[in-house]
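Quick note, the sequences are listed as chains A, B and C, same order. For the first sequence, our numbering begins at 167 and goes up steadily by one. For the second sequence, our numbering begins at 465 and goes up steadily by one. For the third sequence, our numbering begins at 54 and goes up steadily by one. A virtual CB, placed ideally from N, CA and C, is assigned to each residue, including glycine.
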Amino acid sequence: MTFEYSSAPESKAIVKINSLYKLYIGGKFIAPKSGKSFITINPATEEVLAKVAYAEKSDVDRAVKAAQAGLKIWSKMAPAERGKYLYRIARIMQERAREFAVLETLDNGKPIRETRDVDIPLAAAHFFYHAGWADKLEHAGVGTNPKPYGVVGQIIPWNFPLLMLAWKIAPALATGNTVVLKPAETTPLTAMLFAEVCEQAELPAGVVNIVTGDGATGAAIVNHPDISKIAFTGSTDVGKLIARSVAGTGKGLTLELGGKGANIVFEDAPVDETVEGIVSGIFFNQGHVCCAGSRLLVQENIQEELLEKLKRRMALIRLGDPLDKNTDIGAINSREQLTKITELANSGDEEGALRFSTDCVIPSKGFWFAPTIFTGVTQAHRIATEEIFGPVLSVISFRTPQEAIEKANNTPYGLSAGIWTDKGSRILWTAKHLRAGVIWANTFNKFDPASPFGGYKESGWGREGGRHGLSAYLKGAK
Amino acid sequence: MALTDGSLVSIKGFLRTLSPVDQVGADARAAMLATRSIKTASKRWAIDMAISMIDLTTLEGADTKGKVKAICNKAIRPDSTDSTVPHVGAICVYNDMVSVARKHLDASGGSQIPVAAVSTAFPSGRASLEVKERDTKDAIANGATEIDMVIDRGAFLSGDLEKVYSEIVYIKSLCEGKAHLKVILETGELVTYDNVRKASFLAMAAGADFIKTSTGKISPAATAPVVLVMLEAVRDYYQMTGQRIGVKPAGGIRTTKDAIKQLVLVKETAGEEWLNPELFRIGASALLNDLLLQRKKLTSGHYEGPNYVTLD
Amino acid sequence: MANSSPRLDVKKTYKLFIGGAFPRSESGRTYEVKNSEGLFIANPSLASRKDLRDSVVAARAAQDGWGSATAFNRGQILYRIAEMMEGRTSQFVDEIVALEGVTQTAAKKQVEDAVDLWVWYSGWCDKIGAIYGSTNAVSGSFYNFTIPESLGVVATFAPTKPSLLGLVQAIAPVLAGGNTLIAIASEKYPLPAITLSEVIGTSDVPRGVVNILTGSSAELAPWVGSHMDIDGVDASGLTASQEKNLRVAGADNLKRIFRFKESQSPARVLAFMENKTVWHPIGV
Numbered sequence: 167m168t169f170e171y172s173s174a175p176e177s178k179a180i181v182k183i184n185s186l187y188k189l190y191i192g193g194k195f196i197a198p199k200s201g202k203s204f205i206t207i208n209p210a211t212e213e214v215l216a217k218v219a220y221a222e223k224s225d226v227d228r229a230v231k232a233a234q235a236g237l238k239i240w241s242k243m244a245p246a247e248r249g250k251y252l253y254r255i256a257r258i259m260q261e262r263a264r265e266f267a268v269l270e271t272l273d274n275g276k277p278i279r280e281t282r283d284v285d286i287p288l289a290a291a292h293f294f295y296h297a298g299w300a301d302k303l304e305h306a307g308v309g310t311n312p313k314p315y316g317v318v319g320q321i322i323p324w325n326f327p328l329l330m331l332a333w334k335i336a337p338a339l340a341t342g343n344t345v346v347l348k349p350a351e352t353t354p355l356t357a358m359l360f361a362e363v364c365e366q367a368e369l370p371a372g373v374v375n376i377v378t379g380d381g382a383t384g385a386a387i388v389n390h391p392d393i394s395k396i397a398f399t400g401s402t403d404v405g406k407l408i409a410r411s412v413a414g415t416g417k418g419l420t421l422e423l424g425g426k427g428a429n430i431v432f433e434d435a436p437v438d439e440t441v442e443g444i445v446s447g448i449f450f451n452q453g454h455v456c457c458a459g460s461r462l463l464v465q466e467n468i469q470e471e472l473l474e475k476l477k478r479r480m481a482l483i484r485l486g487d488p489l490d491k492n493t494d495i496g497a498i499n500s501r502e503q504l505t506k507i508t509e510l511a512n513s514g515d516e517e518g519a520l521r522f523s524t525d526c527v528i529p530s531k532g533f534w535f536a537p538t539i540f541t542g543v544t545q546a547h548r549i550a551t552e553e554i555f556g557p558v559l560s561v562i563s564f565r566t567p568q569e570a571i572e573k574a575n576n577t578p579y580g581l582s583a584g585i586w587t588d589k590g591s592r593i594l595w596t597a598k599h600l601r602a603g604v605i606w607a608n609t610f611n612k613f614d615p616a617s618p619f620g621g622y623k624e625s626g627w628g629r630e631g632g633r634h635g636l637s638a639y640l641k642g643a644k
Numbered sequence: 465m466a467l468t469d470g471s472l473v474s475i476k477g478f479l480r481t482l483s484p485v486d487q488v489g490a491d492a493r494a495a496m497l498a499t500r501s502i503k504t505a506s507k508r509w510a511i512d513m514a515i516s517m518i519d520l521t522t523l524e525g526a527d528t529k530g531k532v533k534a535i536c537n538k539a540i541r542p543d544s545t546d547s548t549v550p551h552v553g554a555i556c557v558y559n560d561m562v563s564v565a566r567k568h569l570d571a572s573g574g575s576q577i578p579v580a581a582v583s584t585a586f587p588s589g590r591a592s593l594e595v596k597e598r599d600t601k602d603a604i605a606n607g608a609t610e611i612d613m614v615i616d617r618g619a620f621l622s623g624d625l626e627k628v629y630s631e632i633v634y635i636k637s638l639c640e641g642k643a644h645l646k647v648i649l650e651t652g653e654l655v656t657y658d659n660v661r662k663a664s665f666l667a668m669a670a671g672a673d674f675i676k677t678s679t680g681k682i683s684p685a686a687t688a689p690v691v692l693v694m695l696e697a698v699r700d701y702y703q704m705t706g707q708r709i710g711v712k713p714a715g716g717i718r719t720t721k722d723a724i725k726q727l728v729l730v731k732e733t734a735g736e737e738w739l740n741p742e743l744f745r746i747g748a749s750a751l752l753n754d755l756l757l758q759r760k761k762l763t764s765g766h767y768e769g770p771n772y773v774t775l776d
Numbered sequence: 054m055a056n057s058s059p060r061l062d063v064k065k066t067y068k069l070f071i072g073g074a075f076p077r078s079e080s081g082r083t084y085e086v087k088n089s090e091g092l093f094i095a096n097p098s099l100a101s102r103k104d105l106r107d108s109v110v111a112a113r114a115a116q117d118g119w120g121s122a123t124a125f126n127r128g129q130i131l132y133r134i135a136e137m138m139e140g141r142t143s144q145f146v147d148e149i150v151a152l153e154g155v156t157q158t159a160a161k162k163q164v165e166d167a168v169d170l171w172v173w174y175s176g177w178c179d180k181i182g183a184i185y186g187s188t189n190a191v192s193g194s195f196y197n198f199t200i201p202e203s204l205g206v207v208a209t210f211a212p213t214k215p216s217l218l219g220l221v222q223a224i225a226p227v228l229a230g231g232n233t234l235i236a237i238a239s240e241k242y243p244l245p246a247i248t249l250s251e252v253i254g255t256s257d258v259p260r261g262v263v264n265i266l267t268g269s270s271a272e273l274a275p276w277v278g279s280h281m282d283i284d285g286v287d288a289s290g291l292t293a294s295q296e297k298n299l300r301v302a303g304a305d306n307l308k309r310i311f312r313f314k315e316s317q318s319p320a321r322v323l324a325f326m327e328n329k330t331v332w333h334p335i336g337v
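The following block contains the structure:
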């Protein structure tokens with residue numbers, strides 16, 4: 167007999183899911199004017215979780231008006247008091263962390279181990295970190311009299327629903343702005359639970375407004391004349407559309423967009439930790455990570471050894487029920503995304519790359535994609551240039567450090583990169599020459615509220631996190 | 465082909481081919497594996513496997529023949545009320561208790577349980593090679609079929625790798641055909657994971673059948689990341705040579721939870737092949753009773769008290 | 054018997070500054086520049102989109118070297134520009150007086166302010182990282198720091214006037230941040246820009262780091278906006294509608310486009326810098 171792990175599911179009983187979620191506007195849960203709704207499903211089972219209100223332009227108008235009203239209170243409040251609200255929110259999120267984790271896993275499909283150990287604690291940490299900024303804004307690097315923008319429109323993606331909400335709302339509130347936030351269409355539920363947290367924290371009405379919907383709802387936010395700043399996380403294509411929409415309006419804009427991160431492994435890398443870093447780089451969160459290390463650049467003289475170890479390690483990845491505490495890789499977030507991943511992976515086959523997928527059992531229902539690597543990939547292959555946003559790694563070899571840099575930078579993106587080597591001077595040389603906003607040396611996919619995050623080139627505008635991210639919500643001389 | 469000819473240049477050259485270990489990454493991997501949730505049937509299996517892997521140990525200055533006999537009884541039938549509990553992997557004692565243990569085991573239906581002797585001037589290793597030789601020969605003559613030797617950490621840390629290597633080679637020659645050789649690295653004194661990895665390979669290249677973390681006299685002992693690094697070493701050594709070397713964490717593993725974490729480390733690092741007492745042992749004493757308590761709980765469905773298992 | 058006719062001035066042909074050379078526009082075009090009284094002064098080049106393209110190629114080639122030069126070295130070179138400008142003060146004053154129709158005193162003040170601005174930005178080169186970078190206290194055993202780095206290739210549209218000071222306000226911070234640039238000079242008053250290019254050409258500035266074009270902002274702006282190898286634009290000299298069109302076109306490669314109110318600020322340096330955050334484990 168072998169050592170099989172029995173299933174160890176986290177209980178769903180901790181979270182109560184409503185049958186219908188309304189819009190959170192002006193401190194109240196209200197129905198959209200049209201009465202329309204859409205459904206959100208559990209991507210691991212395809213079961214319907216809840217109906218969610220569909221916000222149209224008139225609902226966005228109401229939310230913006232509520233945010234303007236909220237602004238009158240919020241921007242005039244003593245900064246230290248504003249900070250205390252954020253501390254309250256952080257504490258309540260910690261108190262209700264397990265509830266958030268289970269709900270996020272149900273709605274998103276990501277493993278409970280990640281929501282429990284990464285998404286939710288980091289989201290709470292974001293509020294803690296920014297709470298402390300609220301009364302220290304004159305030190306934010308934008309002059310002695312920084313001012314908030316006013317009403318900020320925020321549009322977030324489905325890959326880290328609550329964490330992206332925290333990245334957006336915490337700095338906006340700390341700096342005295344009020345927000346209208348739209349969660350992603352496929353993952354609205356933790357945002358609605360966050361609205362309950364705002365209520366428990368007794369946050370003044372209108373400071374946080376949450377409207378659920380689709381791209382049209384997002385466009386209504388982007389184009390709203392009374393919104394002073396837009397913050398968007400999502401695809402580069404949509405980011406460019408937004409940039410064009412706000413051109414000439416004077417609106418502030420920050421964008422966190424796509425990536426095609428290079429994870430560079432030199433011959434003297436600490437191999438076992440490197441393998442862990444590669445796995446975390448591309449298989450964490452099913453590869454639904456804009457800063458994923460989706461291109462593995464490996465020095466040719468260790469390629470064979472590294473790939474052998476990587477494949478052996480990949481065989482240990484446990485794919486399945488996201489609520490099982492031992493699951494490493496959960497469900498793909500939507501059928502649409504699965505189709506996109508499948509299509510791009512197939513292009514890898516067609517263009518002559520060699521596919522290796524682990525031999526894991528794929529559940530009969532839900533959306534799944536086995537951890538996959540492609541070897542024999544060249545810079546010209548689609549899987550080497552296009553963002554797959556799934557658990558698919560392209561392996562490319564290099565001979566010299568210069569060649570590694572050239573290949574790593576040979577992309578319109580510039581979000582993240584990894585460096586694996588035991589040699590300090592080589593780390594700094596490589597980091598200096600990489601055109602990317604976040605560089606992980608001998609680690610990967612680490613996040614922290616104190617650490618600025620954001621991309622070069624077509625990966626975005628501005629930073630989130632740290633002093634640099636905070637300053638993006640303030641107007642004033644830098 | 466030998467991985468090294470035993471000269472300093474050759475040993476250094478060989479160890480230099482090893483990949484470095486990043487401490488933070490190794491710690492993180494061990495911490496992640498510690499979150500594995502082992503329930504129901506897998507827990508039952510793991511408890512029995514852990515019991516069968518225990519080197520039930522007493523290494524005290526105050527040891528008596530009576531105490532050694534008592535742990536031998538416990539080794540043969542860990543739970544006197546439940547015959548389905550497997551016997552432990554071995555008894556581990558000081559040199560002078562080897563014959564006591566061997567005779568008592570043989571006389572009590574425990575002839576299948578080996579006796580391990582700590583050797584080579586355990587725990588410090590600070591003695592001449594002649595003394596270490598005599599220590600080892602004596603233990604084997606008295607019935608030890610497993611020798612747990614210590615390396616000379618002072619020599620390792622000062623760079624005298626030839627001495628460390630040649631001592632292992634020599635003790636191995638004394639064991640050949642008669643006893644399994646476990647080489648204790650005393651990882652708490654080696655401090656860095658790079659050193660643990662190097663010492664592991666040095667010991668394996670010199671002929672160790674097992675590499676063992678600690679004497680139990682130094683803290684920290686068998687921490688999860690140290691065991692992880694050693695399991696990676698035996699896995700890589702197998703890839704290099706086709707030879708499977710065992711691993712024995714010892715010291716600090718006191719609870720069922722600790723033991724199960726060790727098994728998870730084994731499964732997800734070296735692999736399933738190592739999940740048997742031939743290739744993985746746990747040096748422990750108090751651990752056995754906790755495993756028995758947890759085993760009873762799984763059977764009865766309610767929590768047990770310490771008075772329902774025997775102290776020794 | 055000495056010739057009694059008055060001496061005829063030797064006039065300068067005002068050319069472009071691309072890749073360290075002073076070519077005429079490849080298009081062969083020029084335009085007429087008049088003084089404040091409407092009299093002809095010069096026929097500077099009317100730069101074409103191909104001149105822009107060549108400038109971008111030169112700027113891109115020079116960027117790695119300039120961006121990775123030590124900050125101390127960049128600071129010294131910017132200071133050298135100030136030194137060289139100072140020596141040409143009277144030439145700049147004459148050009149400004151003629152074009153802008155301001156008094157001698159005002160023109161001199163403009164030149165002096167421009168020189169002093171070079172000195173000011175020169176001093177920022179090796180301080181911007183210390184003031185605006187950070188070490189970040191992350192949870193976990195990691196060393197984490199953020200440093201501002203050069204953005205890459207930047208195009209600047211200088212305001213019509215002050216013709217010299219406005220140009221220096223645009224380009225000095227861009228250079229201090231380690232970028233290479235293409236400056237589009239004041240369309241109406243381009244001559245000081247060309248004289249400045251001659252100063253830069255003799256100030257240890259590596260070739261291609263600064264490229265200066267004269268001509269029509271309206272004509273060049275769309276090509277700047279859509280050029281996929283320009284990373285950032287200072288649009289301060291453009292009209293609101295030109296700027297809007299530039300932003301729409303510039304979205305294709307997500308150009309960083311700014312319009313500044315501050316004439317002298319580290320914000321103008323930072324605007325054309327990217328923040329890079331590096332993580333590394335702390336262990337033994």
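Measure the alpha-carbon distance for residue i versus residue j and round it to whole angstroms.
{"i": "residue 523(B)", "j": "residue 556(B)", "result": "8 Å"}
{"i": "residue 452(A)", "j": "residue 368(A)", "result": "36 Å"}
{"i": "residue 196(A)", "j": "residue 273(A)", "result": "22 Å"}
Ordered along the chain, which non-local residues of its own chain (more than five positions away) have a Cβ less than 6 Å from that of residue i?
{"i": "residue 281(C)", "result": "306"}
{"i": "residue 759(B)", "result": "511"}
{"i": "residue 623(B)", "result": "none"}
{"i": "residue 303(C)", "result": "278 and 310"}
{"i": "residue 541(A)", "result": "520 and 561"}
{"i": "residue 691(B)", "result": "713 and 729"}
Using C-beta distances below 8 Å, list every residue in its chain close to residue i, excluding the 5 sequence neighbours before and after it, in chain order.
{"i": "residue 170(C)", "result": "218, 221, 222, 225 and 317"}
{"i": "residue 107(C)", "result": "71, 72 and 79"}
Is residue i close to chain E, meaning its C-beta is less than 8 Å from at least one C-beta of that chain?
{"i": "residue 639(A)", "result": "The chain inventory of the structure shown lacks chain E, comprising the protein chains A, B and C."}
Quick one: using the 10 Å Cβ neighbour count with 16 as the cut-off for buried, is residue i buried or exposed?
{"i": "residue 420(A)", "result": "buried"}
{"i": "residue 168(C)", "result": "buried"}
{"i": "residue 305(A)", "result": "exposed"}
{"i": "residue 315(C)", "result": "exposed"}
At a CB distance below 7 Å, what residues from the region 478-491 of chain B approach chain C? Give them in sequence order.
486, 487, 488 and 489
At 3 residues or longer, and completely inside the region 542-590 of chain A: list those beta strand (DSSP E) runs for me, N to C.
558-564 and 582-586
Interfacial residues, the region 650-669 of chain B to chain C, with Cβ spacing under 9 Å
655, 656, 657 and 658
Length-filtered (4 minimum) alpha helix (DSSP H) runs lying within the region 395-445 of chain A:
402-412
Going residue by residue through the region 667-748 of chain B, where are the continuous alpha helix (DSSP H) segments of at least 4 residues, counting only ones entirely within it?
688-705 and 720-733
Along the region 726-759 of chain B, where does the CB come closer than 7 Å to a CB of chain A? Name the residues.
So the close ones are 727, 731, 732, 736 and 739.
Between the region 497-509 of chain B and chain A, which residues of the former have CB atoms less than 7 Å from a CB of the latter, in chain order?
499, 500, 501, 502, 503, 504, 505, 506 and 509
Which full runs of the alpha helix (DSSP H) of 4+ residues lie inside the region 199-249 of chain A, going along the chain?
223-240
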